[in-house]
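Just so you know, the protein sequences line up as chains A and B, in that order. The number in my numbering is simply the position in the first sequence, starting from 1, with 723 added. The number in my numbering is simply the position in the second sequence, starting from 1, with 723 added. Beta carbons: idealized from backbone N, C-alpha and C, even for Gly. Notes for the one structure printed next.
2 protein chains.
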Amino acid sequence: MLTISNRGQKMPASPIRKLVPYAEAARKKGITVYHLNIGQPDIATPPAIMDAVRHSKITTLEYSHSAGNESYRQKLVTYYKKNNISVSANDIIVTTGGSEAILFGFFSCLNAGDEVIIPEPFYANYNGFACAAEVKVVPITSHIENGFALPPIAAFEKVITDKTKAIIICNPNNPTGYLYNREEMEELKNICIKHGLYLFSDEAYREFCYDGEYISAMHLSGMEEHVILMDTISKRYSACGARLGAFVTKNKAVYETAMKFAQARLSPPGLAQIMGEAAVDLPDNYFDTPKKEYLRRRNLMIERLNTMPGVFCPNPGGAFYAIASLPIDDCDKFCQWLLESFSFNNQTVMLAPATGFYGTKGLGKQEVRLAYVLNVDALNAAMDCLEEALKTYPGRVETNKKTKQSSVKV
Amino acid sequence: MLTISNRGQKMPASPIRKLVPYAEAARKKGITVYHLNIGQPDIATPPAIMDAVRHSKITTLEYSHSAGNESYRQKLVTYYKKNNISVSANDIIVTTGGSEAILFGFFSCLNAGDEVIIPEPFYANYNGFACAAEVKVVPITSHIENGFALPPIAAFEKVITDKTKAIIICNPNNPTGYLYNREEMEELKNICIKHGLYLFSDEAYREFCYDGEYISAMHLSGMEEHVILMDTISKRYSACGARLGAFVTKNKAVYETAMKFAQARLSPPGLAQIMGEAAVDLPDNYFDTPKKEYLRRRNLMIERLNTMPGVFCPNPGGAFYAIASLPIDDCDKFCQWLLESFSFNNQTVMLAPATGFYGTKGLGKQEVRLAYVLNVDALNAAMDCLEEALKTYPGRVETNKKTKQSSVKV
């Protein structure tokens, strides 16, 4: 009999993309939909890196080295050095997006049935890769009241078992925007060393830190063997469609193992590597403009959100996401209603229900994730829509901020 | 304690790439190495498809749809129609190379511990993906004496168990070049229907069939739910580095499941999709030239091989590979020796030991895979090297063809 695999059945559908048909239907009705639901920035990909592809002299687009072109890996060494991360080209495997780096990490370090601890809310696709690798995600809850800071070490200790093999962090964080401080990073180091755990560190948003210092897992001394950096150019250079990432570790056994998985899939995308190589040659001040732009958007969006009755949104230190709690009964219903039944001046807004970012069932029902990936005018219009929607949404639940905040505690 | 996963430990290193350091050392000594070891053609990528990327007006390289751009999938519908394969855009998921299509198939249809039957010798990376998905590969042996024809149905029946979920074929075949005929395809259909098995059909080389008719698994009527087509533009348009493939099935449950894995990794490469789309607009006679060129190379190489004393190479009907049996003790030793200790006119040849393509230990020790991916002059020079090498190789084993042929029987 033809059957679907267990992992295929368990595999979660994307919590964001399940709303896509409703957005398409809204557009067909002539409604403008502001997409704050996905981390797809409207910032231009640097023309210089697109031009590098346009001007390439390729006659046969060959497989690259399975670890990525040596020339690109050398460029990445330079890039990381600028970020005070000291690695060699032989510590780097160029991957198809950050996604493949996550998959290589899971495949190389984790057995079926092993457990990884992830502070929740977390990037929903970690669930997908865990499902593919038959690994169990053990969430520990971070809370909106303190801006989604790292849960206390006691929360980690409580869930560590013989099966625990790794902790995953995303820093600065998707979906919360939280930026881990030095003390938190040192705590993570201590617990990883004490319990012999890997630290998988997803640092896709390193260039976008607004308040406080960016600390890479690779900056932590004395835990070099524990750290696997999962990286991508998607957000850095607004090149999500390139599908170019990196798996970086100084742990030679892990590296050699990941290389075997890399060899099986032959090579990472070739044209994207030309882009990645050119990107490292962008002027050092390249990030000033997008960073300033994201900061401006963050300030606007957070201020607008916190002036809406019943809404609370902590100010995120990095990335381009925020999680807000709303005076609503159910974020999945609300986000669908926004697309299906609401419009304001023939416009509406698409948000990501926060439930999809929690591993613990029932959490996040009054929260949404907003990605400030649109320009200030669009963002203002989106906030107008949200403000109006909250006035008329039939499932509105009256809360004051204090009550609402305590209602999301576990 | 930091440990490497079981699958990571079991994961085979690439049987081809393990020789790479020896090839690099040879080059450093100033020796020209003819690469017949890997399916990287020297044929130019069609300039029109490179130009499509060069002239693209992209300002922000965004994520595409997780199934690939609708416009590209529509083009693929046209492409498949030209090959008498009738599918819709909603039967297609655009993947990162054929590799990802294989992985999606395994993840969606197979549990850890499930078994897939593959006629050996087979594409070595199936082992890698099976290892990642913790699936067991059950080889059934095809033989050089009859040109690696499909093993008899009895051989399949003998190994089918409750755990058997799929058969994988590669048609035309890598590494043997064998092209399955209609009777063989019908036999595969019957056994899949009888035992409720999926047929994973890797048709990366469909354009390169020289003798006999190309029968796609998608041409077999009455087994639509069973077939998963794994495809790639790598060989078709000599665009291996693009990393663009396709997962195609009319089985909706499988499609929906694979889409969840596709969503987790967000999208396939964006620039490559522009190439893929332009490729479908190439003139219908585009393939005439590369096909003629491969045929010329095949004829030359097969003739040269079979005139060498003790060498036997069946004439492959498609793709651009052949497996030859050589009068040698051990192909792994021989291929390394060619790079490490041999040169002729300051040249040598790199071949792929066939042992890496067999699932049954001990098979293929006197065989090598040759990819006729170089132009006729280079191919002739490579054959000169091989001919000379076989005269002086210290591990030469005297056989006549009859003896040698029977020695590879199981």
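Check	Outcome
Would you say A/Ser831 and A/Val977 are within 8 Å of each other, going by their C-beta atoms?	yes
Could you tell me if A/Lys798 is buried or exposed, where buried requires 16 or more neighbouring beta carbons within 10 angstroms of its beta carbon?	buried
How is B/Ile891 classed by DSSP in three states: helix, strand or coil?	strand
I need the boundaries of the alpha helix (DSSP H) containing A/Ser822, first residue and last residue.	820-832
Output the boundary residues of the alpha helix (DSSP H) element that contains B/Ile772.	770-777
How long is the line joining the alpha carbons of B/Ile892 and B/Lys912, rounded to whole angstroms?	12 Å
When you compare the CB positions of B/Tyr1081 and B/Pro862, do they come within less than 8 Å of one another, or not?	yes
Residues of the segment 839-851 of chain A with a CB closer than 7 Å to any CB of chain B: list them in chain order, please.	Asn848, Gly851
The beta strand (DSSP E) that contains B/Val756, what's its start and end?	755-758
Could you give the distance in angstroms between the alpha-carbon of B/Pro875 and the alpha-carbon of B/Pro1076?	26 Å
Measuring straight from C-alpha to C-alpha, what distance separates A/Ala985 and A/Asp837?	22 Å
Return no unless some Cβ of chain A is closer than 8 Å to the Cβ of B/Phe830.	yes
Any heavy atom of the ligand ATP inside 7 Å of the beta-carbon of A/Phe1057?	As for the ligand ATP, it is missing from this structure, which has no ligand bound.
With contact counted as at least three CB pairs below 8 Å, one residue from each stretch, are the segment 1114-1122 of chain A and the segment 753-766 of chain A in contact?	no
Go ahead and pull the three-state DSSP assignment for B/Gln996.	helix
Verify whether the separation of the beta carbon atoms of B/Gly821 and B/Asp934 is less than 8 Å.	no
At the 8 Å Cβ level, is A/Arg929 part of the contact set with chain B, yes or no?	no
With a cut-off of 8 Å on the beta carbons, I'd call B/Pro1050 and B/Leu1113 a contact; round off their distance for me.	7 Å
Out of B/Trp1060, B/Ile997, B/Leu1109, which has the shortest C-alpha to C-alpha gap to B/Lys780?	B/Ile997
List the residues of chain A that B/Ala855 touches, going by C-beta distances under 9 Å, in chain order.	Leu826, Phe830, Ala855, Ala856, Phe984, Ala987
Among A/Leu994, A/Glu1090, A/Tyr1017, which has the Cα closest to the Cα of A/Ala775?	A/Leu994
Report the CB separation of A/Gly919 from B/Met724 in whole angstroms; it is logged as a contact under 8 Å.	4 Å
So B/Ile1051 is in the alpha helix (DSSP H); what residue range does that whole segment cover?	Where B/Ile1051 is concerned, there is no enclosing alpha helix (DSSP H), given that its DSSP letter is neither H nor E.
Mind checking if A/Thr955 is an interface residue toward chain B, Cβ cutoff 8 Å exclusive?	no
Among residues of its own chain, excluding the 5 on either side of B/Asn848, which ones have a beta-carbon nearer than 8 Å to its beta-carbon?	Ser737, Ser822, Ile825
Which value, in whole angstroms, describes the spacing of the CA atoms of A/Phe1057 and A/Gly1087?	13 Å
Return the CA-CA distance between B/Glu1090 and B/Thr899, expressed in angstroms with no decimal places.	11 Å
I need the boundaries of the alpha helix (DSSP H) containing A/Pro744, first residue and last residue.	743-751
Would you kindly check if the distance between the Cβ of B/Leu1074 and the Cβ of B/Asn760 is under 8 Å?	yes
Suppose you measure from the CA of A/Val810 to the CA of A/Glu947; what does that come to, to the nearest Å?	11 Å
Kindly identify the DSSP beta-bridge partner or partners of B/Tyr1044.	B/Ala1094
Give a yes or no on whether the C-beta atoms belonging to B/His949 and B/Tyr921 are separated by under 8 Å.	yes
Quick one: residues in its chain with C-beta nearer than 8 Å to the C-beta of B/Leu1018, no 5 flanking neighbours on either side, listed in chain order?	Tyr933
Rounded to a whole number of angstroms, what is the C-alpha to C-alpha distance between A/Ser1129 and A/Val743?	In this prediction, A/Ser1129 has a pLDDT of 38, which is less than 50 and means its spatial position is unreliable; nothing more can be read from the coordinates.
Who are the near neighbours of B/Asn1069 in its chain, counting only those whose CB is closer than 6 Å to its CB and skipping five residues on each side?	Ile754
If A/Gly1041 sits next to A/Leu952, beta carbons under 8 Å apart, how far is it from one beta carbon to the other, in whole angstroms?	With 8 Å as the limit, A/Gly1041 and A/Leu952 do not qualify as a contact, their Cβ atoms being about 16 Å apart.
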